[in-house]
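Going by the numbering used here, the sequence shown wraps up at 260, each residue one higher than the last.
For every residue, glycine included, the Cβ atom is placed at its ideal position computed from N, Cα and C.
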Amino acid sequence: MNGNKILKFIILDILRNKWVITYTVFLMCISAGLMFFSKDSTKAIVSVLNVVLILVPLVSILFCSIHIYNSKEFIQMLLSQPVKRSTIFFAEYTGLVISLSVSFLAGIILPLSFYGVSTILIYLALTGVFLSVIFSAFSVLISISTDEKVKGIGISLFLWLFFSVLYDGLVLIIYFAFNDYPLEKIMVIITTLNPVDLSRVLILLKLDISALMGYTGANFQKVAGSMTGIFLSFTVLIMWSITPLYFAYRKFMKKNF
């Protein structure tokens, strides 16, 4: 048994999952509906972006957590075979990422592409894939580190809640507490510490809608500029993708299943 066969089996198994199919259809209905009822494509994309920033991280981190916990017997069986641990790890992770990314692209990007392929659509596709990759990596790390299923899923949900909701509140608290000090460069750093906020700023930088950027986005544009900010955003998103995956890999290689 080699890595390609394991990867193919995992991808086909996930894509047949009813929750993944439901996720794809729901995204397709949302994106097609927003484009159909909106007369302004920019407003439609912003609305789709808001859905992506909330739903994609949630589904990625929750579905991957449940999948890993439910696949522990399958992983144990693979570990008993003459297959490298690293092969099993990357087959599981890659299968999850490919499946969720395909679902996202089919649900969001495919309907929008019927209205014309543009640069902003490509950025939206890249952003959604990055969020799927990042939160899948977080999910794998949490699931491997925590043996209790309920506890692991709870930690995953809290992590999603923190990045999607609570983080902006903390940023506002910092702003109001230290608004007498020059915070522009510090706020750029704070923005890069949240992949969800960074993804939002990346799309809005490309759309050049300063009114919708919020405090962190406005500072990001002011300090980094549009093109520099876009390059910086993609660089940091790559780092966000690699870091949790690296720790998950190390944990998996040492874990006794």
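* In terms of residues, what are the limits of the alpha helix (DSSP H) holding residue 89? -> The residue given as residue 89 occupies position 86 in the sequence shown. Its alpha helix (DSSP H) spans residues 88-107.
query: Is DSSP giving residue 60 helix, strand or coil here?
result: Working through the sequence shown from its first residue, we reach residue 60 at position 57. Three-state result, residue 60: helix.
First and last residue of the uninterrupted alpha helix (DSSP H) at residue 183:
Here residue 183 refers to the residue found at position 180 of the sequence shown. Counting along the chain, residue 183 falls outside any alpha helix (DSSP H), and DSSP gives it neither H nor E.
(Q) Between residue 35 and chain C, is the shortest Cβ-Cβ distance under 8 angstroms, so that the two count as touching? (A) Among the chains of the structure shown, chain C does not appear; only one protein chain is present.
CB residue 2 to CB residue 112, shorter than 8 angstroms?
Residue 2 is absent from the model: the chain starts at 4 and stops at 260.
Self-check item: Which listed residue (91, 201, 105) has its alpha carbon closest to that of residue 76
Solution: The residue labelled residue 76 in the question sits at position 73 within the sequence shown. Residue 76 has its Cα closest to that of 91, out of 91, 201, 105.
Of the residues 57, 32, 254, the one placed nearest residue 130, counting alpha carbons only: Residue 130 sits at position 127 when you count from the first residue of the sequence shown. Checking every option, the nearest Cα to that of residue 130 belongs to 57.
*asked:* Going by DSSP in three states, residue 118 sits in which element: helix, strand or coil?
replied: The residue labelled residue 118 in the question sits at position 115 within the sequence shown. Coil, per DSSP.
* Asked: Taking the Cβ atom as the reference point for each residue, do residue 27 and residue 128 lie within a distance shorter than 8 angstroms?
  -> What you label residue 27 is simply residue 24 of the sequence shown in a count that begins at 1. What you label residue 128 is simply residue 125 of the sequence shown in a count that begins at 1. For residue 27 and residue 128, no; Cβs fall outside 8 angstroms.
* **The alpha helix (DSSP H) enclosing residue 155, as first and last residue numbers** => As a first step, residue 155 must be located in the sequence shown, where it is residue number 152. That run of the alpha helix (DSSP H) goes 152-164.
Kindly indicate which residue of 17, 49, 7 has the alpha-carbon position closest to the one of residue 94. Position 91 of the sequence shown, counted from the first residue, corresponds to residue 94. Minimum Cα distance to residue 94 is reached at 7.
**Study point:** Whole alpha helix (DSSP H) elements within the segment 15-84, 4-residue minimum
**Key:** 21-40, 44-73, 75-82
* At what residues does the alpha helix (DSSP H) containing residue 202 begin and finish? -> Along the sequence shown, one-based indexing puts residue 202 at 199. Start and end: 198-210.
Exercise for review: Counting only the same chain and skipping the five closest in sequence on each side, list residues whose C-beta sits under 6 angstroms from that of residue 137.
Suggested key: Residue numbering aside, residue 137 sits at position 134 when the sequence shown is read from its first letter. Answer for residue 137: 198, 243, 244, listed in chain order.
**OP:** Please state whether DSSP places residue 245 in a helix, a strand or coil.
**Re:** Position 242 of the sequence shown, counting from 1, holds the residue named residue 245. Of the three classes helix, strand and coil, the one that applies to residue 245 here is helix, per DSSP.
For this session: Using beta-carbon positions only, say whether residue 166 and residue 60 come within less than 8 angstroms of one another.
Result: As a position in the sequence shown, residue 166 is number 163, starting the count at 1. As a position in the sequence shown, residue 60 is number 57, starting the count at 1. Result yes, Cβ atoms of residue 166 and residue 60 sit closer than 8 angstroms.
Quiz prompt | Three-state secondary structure assigned by DSSP to residue 149 | solution = Here residue 149 is taken as the residue at index 146 of the sequence shown, counted from 1. Here residue 149 sits in coil by DSSP.
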